[in-house]
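These protein sequence lines map, in sequence, to chains A and B.
Take the working numbering: the final residue in the first sequence is number 308, and no numbers are missing along the way.
Take the working numbering: the final residue in the second sequence is number 1308, and no numbers are missing along the way.
Here a beta-carbon is modelled for each residue, glycine too, at the ideal position from N, C-alpha and C.
There are 2 protein chains.
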Amino acid sequence: MNATASTLRGVLSPVLTPFEADFSPSVQRFVRHCRALVAQGVGLAVFGTNSEGNSLSVAEKRALLDALVDADVPPSRMMPGTGTCALPDTIELTRHAVQAGCAGVLMLPPFYYKGVSDEGLYRSFAAVIDAVADPRLRVYLYHIPPVAQVGISLTLIDRLLSAYPGVVAGIKDSSGDWNNTKAVIDAFAAKGFDVYAGSETFLLQTLRAGGAGCISATANVNGAAIAASAAAWREPGADERQAALDRVRAAFQKRPMIAAMKAAIATGTGDEGWCRVRPPLVELDAETRRGLDADLDAIGYARPTLDT
Amino acid sequence: MNATASTLRGVLSPVLTPFEADFSPSVQRFVRHCRALVAQGVGLAVFGTNSEGNSLSVAEKRALLDALVDADVPPSRMMPGTGTCALPDTIELTRHAVQAGCAGVLMLPPFYYKGVSDEGLYRSFAAVIDAVADPRLRVYLYHIPPVAQVGISLTLIDRLLSAYPGVVAGIKDSSGDWNNTKAVIDAFAAKGFDVYAGSETFLLQTLRAGGAGCISATANVNGAAIAASAAAWREPGADERQAALDRVRAAFQKRPMIAAMKAAIATGTGDEGWCRVRPPLVELDAETRRGLDADLDAIGYARPTLDT
Chain A
1 MNATASTLRG VLSPVLTPFE ADFSPSVQRF VRHCRALVAQ GVGLAVFGTN SEGNSLSVAE
61 KRALLDALVD ADVPPSRMMP GTGTCALPDT IELTRHAVQA GCAGVLMLPP FYYKGVSDEG
121 LYRSFAAVID AVADPRLRVY LYHIPPVAQV GISLTLIDRL LSAYPGVVAG IKDSSGDWNN
181 TKAVIDAFAA KGFDVYAGSE TFLLQTLRAG GAGCISATAN VNGAAIAASA AAWREPGADE
241 RQAALDRVRA AFQKRPMIAA MKAAIATGTG DEGWCRVRPP LVELDAETRR GLDADLDAIG
301 YARPTLDT
Chain B
1001 MNATASTLRG VLSPVLTPFE ADFSPSVQRF VRHCRALVAQ GVGLAVFGTN SEGNSLSVAE
1061 KRALLDALVD ADVPPSRMMP GTGTCALPDT IELTRHAVQA GCAGVLMLPP FYYKGVSDEG
1121 LYRSFAAVID AVADPRLRVY LYHIPPVAQV GISLTLIDRL LSAYPGVVAG IKDSSGDWNN
1181 TKAVIDAFAA KGFDVYAGSE TFLLQTLRAG GAGCISATAN VNGAAIAASA AAWREPGADE
1241 RQAALDRVRA AFQKRPMIAA MKAAIATGTG DEGWCRVRPP LVELDAETRR GLDADLDAIG
1301 YARPTLDT
């Protein structure tokens, strides 16, 4: 059990990864964006799905994390994604995150082989925790079956929590299935297991049910509003605030999300370099971008400037 | 167009990767197994799906390839898997394979992000080919939608072949869909594009239709017979030989394949260390192994000894 509440609870963003013209990570843009998010009250789930985290090498992820620490971005607000297909890579990234002082790590199961057993997944997570062997380690399990195709069952959570109390600290549920999120909260939240919804669509429901918050892509582009809604969830007007968040999300969600969010930041900052995505993703075409802009203007959305 | 026929045509095996007790790759067992396969006339598609290739780090794959070359296993018989989620990793592995003299590489598309466009996949393959920039490079595309969930369409093949003639050299079709394999052969084989079926189940059909052979997991444990069938496909008795191959495959295929093949090698060599698989896979339980043994004994199957 965690003796103290995590410094991560509330709203986090799988931080978008900007690229240079040669598709190497753009360190300067990345640090600036992370600073802006922290200033808005948004935690940094760097190297998540919407970060194109799985399109980055281990060395690139280590270097970006080091750049944040060197820039005095607080590791107490960081939950880097460290789960990969290959056990040695997951161990290396997790160890590096712990040594950098990160408050937690967000760990995908190994996702290449499909239809694997809970026994195999248990061994994977256990092997990482045992190899890192650091009392500071806090693992947040990453359940995203629509993308990873390999999910994390309640039985597996229960077994991991029993074997590694205090280390296995929570989950991000990106199933999009509220019944699953609710079941995980009901089963494990009372044990100090922090349940994050995978999008702000479920933010209010999650907090009302006893969850910890959300880790949401759109916190990259609507962070202040999402964080304010989370902070004031018990106050009057919560449902109206939730509805306003939903309108912004809808505009991004009906386009390719990562490219759409990058386009909004490009417009907001006047820096078209922000539009770049690494293959296999592609940037928005001109027509899709015009449609996004029209939808965002119609709801009075203010694009991110990354000013702090 | 390839000026000369590839030294790879015929039968290849996604070579099983043996592990030590600490789950590090077992170099000695690996080299011995590769030597035995080459002696049977089987090419080495190391680091494939059945190699647990995506459970290995880039450094581990580089070291295993170096160990083979150092042991004088011929690179003219090697088609290592080099496709990963992350472009820099795919580039590094592909460059290393070319520099080691490998006759080709087997390249998965980036497989974390689902529902990506042909444009994005084209950019991924093109970025690797452009970065490696070596006239010796021969890329075999790896189409395995049941596992990777990201496939390679005929439109994409056509575009890559047009842009990189001679470099884009063939495909492994592990769709399990003969209609797709046939369509790829019909569209591209005449241009010198080598089509390999993803299992010996389709070996005779593939060769009769004008394909190059097969790259099959069970070539790890039935290599001599599969290679002999491929070599004699025009000779009388081809259908009977195919039926015999199918009986062996069926015994392995109805269990978890990788663990089952490793168990057969463990029994054949008397080296139980061969049973180890890396998480998230698990070894066969005792009852499943007994069932496999009974099925193999019933068809008079001789287990691999790895003697050369």
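Across which residues does DSSP place residue i in a beta bridge pair?
i                : result
D1173 of chain B : B:H1143 and B:A1197
V11 of chain A   : A:C214
L1044 of chain B : B:S1013 and B:M1078
V1105 of chain B : B:V1139
V1168 of chain B : B:V1139
P1025 of chain B : B:F1019
I need the straight-line Cα distance from residue i to residue j, nearest angstrom please.
i                : j                : result
V101 of chain A  : P135 of chain A  : Sequence check: residue 101 of chain A is Gly here, not Val. Answer to the nearest angstrom: the Cα atoms are 12 angstroms apart.
L1016 of chain B : V1221 of chain B : 10 angstroms
N1002 of chain B : G270 of chain A  : In this predicted model, N1002 of chain B has a pLDDT of only 44, less than 50, meaning its place in the structure is not dependable; the value taken from the coordinates is given anyway. Approximately 48 angstroms, taken between the alpha carbons.
D1130 of chain B : L1064 of chain B : 25 angstroms
G48 of chain A   : Q99 of chain A   : 19 angstroms
S24 of chain A   : R1208 of chain B : 46 angstroms
L1306 of chain B : A1036 of chain B : 5 angstroms
G170 of chain A  : L1292 of chain B : 40 angstroms
D1285 of chain B : G1273 of chain B : 15 angstroms
G104 of chain A  : M78 of chain A   : 7 angstroms
P1109 of chain B : R234 of chain A  : 47 angstroms
R249 of chain A  : T267 of chain A  : 17 angstroms
A302 of chain A  : T308 of chain A  : 15 angstroms
K262 of chain A  : W178 of chain A  : 28 angstroms
V116 of chain A  : N54 of chain A   : 20 angstroms
P14 of chain A   : S199 of chain A  : 10 angstroms
Q1253 of chain B : C1214 of chain B : 16 angstroms
R255 of chain A  : A244 of chain A  : 19 angstroms
V1069 of chain B : P1279 of chain B : 27 angstroms
A1039 of chain B : E287 of chain A  : 58 angstroms
Let me know if residue i comes out buried or exposed under the rule of 16 or more other beta-carbons within 10 Å of its beta-carbon.
i                : result
L203 of chain A  : buried
L154 of chain A  : exposed
R290 of chain A  : exposed
D1173 of chain B : buried
S162 of chain A  : exposed
E20 of chain A   : exposed
S51 of chain A   : buried
P1236 of chain B : exposed
A1190 of chain B : exposed
G1081 of chain B : buried
G223 of chain A  : buried
A197 of chain A  : buried
G211 of chain A  : buried
A5 of chain A    : exposed
A1264 of chain B : buried
Candidates the options: which alpha carbon is nearest residue i's?
i                : options                               : result
M1107 of chain B : B:E1287, B:L1137, B:A1021 and B:E1119 : B:L1137
A1127 of chain B : B:G1176, B:A1244 and B:R1095          : B:R1095
G166 of chain A  : A:D194, A:N180, A:G120 and A:G151     : A:D194
G120 of chain A  : B:V1282, B:L1245, B:L1068 and B:D1293 : B:V1282
D1066 of chain B : B:R1077, B:V1116 and B:A1097          : B:A1097
R1123 of chain B : B:S1199, B:I1152 and B:R1234          : B:I1152
T84 of chain A   : A:P75, A:M78, A:L68 and A:Y113        : A:Y113
P1075 of chain B : B:E1052, B:V1042 and B:S1051          : B:V1042
I1185 of chain B : B:Q1205, B:E1200 and B:T1201          : B:Q1205
F1111 of chain B : B:A1148, B:S1199 and B:A1133          : B:A1148
Y140 of chain A  : A:P279, A:R278 and A:Y164             : A:Y164
A217 of chain A  : A:I258, A:K254 and A:A238             : A:I258
P18 of chain A   : A:A260, A:S175 and A:T82              : A:A260
T1201 of chain B : B:A1045, B:A1238 and B:L1160          : B:A1238
D158 of chain A  : A:T288, A:H33 and A:G192              : A:G192
I144 of chain A  : A:T181, A:V168 and A:L160             : A:T181
A45 of chain A   : A:A187, A:Y142 and A:F125             : A:Y142
L156 of chain A  : A:A187, A:I265 and A:P146             : A:A187
F125 of chain A  : A:L160, A:R241, A:G176 and A:D22      : A:L160
P1304 of chain B : B:A1219, B:S1175, B:R1276 and B:D1118 : B:A1219
Notebook entry, point to check: Any contact of the region 224 to 231 of chain A with the region 10 to 24 of chain A, i.e. 3+ C-beta pairs under 8 angstroms?
Noted result: yes
Check: Do the region 291 to 300 of chain A and the region 1025 to 1034 of chain B touch if we need at least three Cβ pairs shorter than 8 angstroms?
Finding: no
Check: On the three-pair Cβ rule with 8 angstroms, is the region 82 to 90 of chain A touching the region 1043 to 1058 of chain B?
Finding: yes
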